[in-house]
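Notes follow once the structure below has been shown.
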Amino acid sequence: MEVYLLLGFGIALLLTAGLMPVFIPLLQRMKFGQSIRAEGPESHMKKTGTPTMGGLVFLISIILTALAVAFFTDLLVTELMILLLVLFGYGLIGFLDDFIKVVLKRNLGLTSLQKLIAQIVIAVISFFLLGMIDFDTGLVIPFTTISIELSVLYVLFIIFWLVGFSNAVNLTDGLDGLVAGTASIAFAAFGVLAIRQDQAAIALFTFIVAGALIGFLIFNKYPAKVFMGDTGSLALGGALAMVSILLKQELLLLLIGIVFVIETASVILQVGSFKLRKKRIFKMSPIHHHFELSGWSEWKVVTVFWLVGLIAAVIAVLLEVM
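Here my numbering is used: the first residue of the sequence shown is 84, the next is one more, and so on.
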């Protein structure tokens, strides 16, 4: 198993890293530049015009690598196809949103309702596809043998989980390299758990994603030469949620993906506090902007968040395998 996992990891990394130098100038010529919101940190204004939609490159790398390696290793199974469907589906939603904002110059992109409906449709399709593998609809409590049977209500959980985490990763994507780093850590952690469960196809997918993200990080680290856009962040969040579902480690994602959880919670708390008390808890949300406005450099915020994600992932894996 280790050989093809390393093969998938390496191919995805090299393919992404090899395509980016071709793709970035193409984006620049087509003027696919990022617009920076005026209410954001002033230091971010210099990023205006940086090419976006770079997530398209690592999504192509992931899909091509997964299909090729899986074909030659007889791992082209239903679980892998479900993961690729979610990755492609949520990536397509993000691509349409980016295209409307960047190419058609409509700042709002897809409406919130349009995105929500599309996300729900993909989640429901995924639920029915899970029926092809005699999937367990119980919700396992981490580090215990307790499982809460949801039966048909599991479809509501899948909708909540996929929509929630796709948007959580999207919210986190506000600093150079932040999502690429934290997501690669999270996918690698689930990859270890997949190996332990002897889920070869899922392990292959997670290692391929981690490799592609590291290849992307070469160009996305501070100062970023390219952003992943909603194309990348929505796809990564949806795929990460589906990995946790297929491994029956759904709630463990709350720990492995703790950075995404904290970022989302900060937005909810900020909005709730302002509506109820007319006071803000943070200088700006998501919380990574709060630390920036408190005097931290962007690189310091990103590396600290990477470290938090890594520590949480290691703890989760160690507790699960003990």
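Yeah, the Cβ is synthetic: ideal placement off N, Cα and C, and Gly gets one too.
On a predicted model such as this, the values are computed, not experimentally measured, just so you know.
- Annotation: L236 to T220 spans about 9 Å, alpha carbon to alpha carbon.
- By DSSP's assignment, G221 forms a beta bridge with E232.
- Note that the segment 354 to 361 does not touch the segment 237 to 256; fewer than 3 beta-carbon pairs, one per stretch, sit closer than 8 Å.
- In the three-state scheme derived from DSSP, where H, G and I count as helix and E and B as strand, P369 is classed as coil.
- Within 10 angstroms of the beta-carbon of G274 lie 16 or more other beta-carbons, which makes it buried.
- L300 is positioned such that its CB atom lies no closer than 7 Å to that of V385.
- Between the alpha carbons of E232 and I165 lies a distance of about 22 Å.
- With fewer than 16 neighbouring CB atoms inside 10 Å of its own CB, D281 falls in the exposed class.
- DSSP places F299 in the uninterrupted alpha helix (DSSP H) bounded by A283 to N303.
- Collapsing the DSSP output to three states places V86 in a helix.
- The segment 131 to 144 and the segment 92 to 107 touch, with no fewer than 3 CB-CB distances between them shorter than 8 Å.
- Per DSSP, the unbroken alpha helix (DSSP H) holding W244 starts and ends at Y237 to T255.
- Judged by beta-carbon spacing, I285 lies within the 7 Å limit of E162, meaning their Cβ atoms are closer than that value.
- Classified as exposed, I394 has fewer than 16 neighbouring CB atoms from the shown chains inside 10 Å of its CB.
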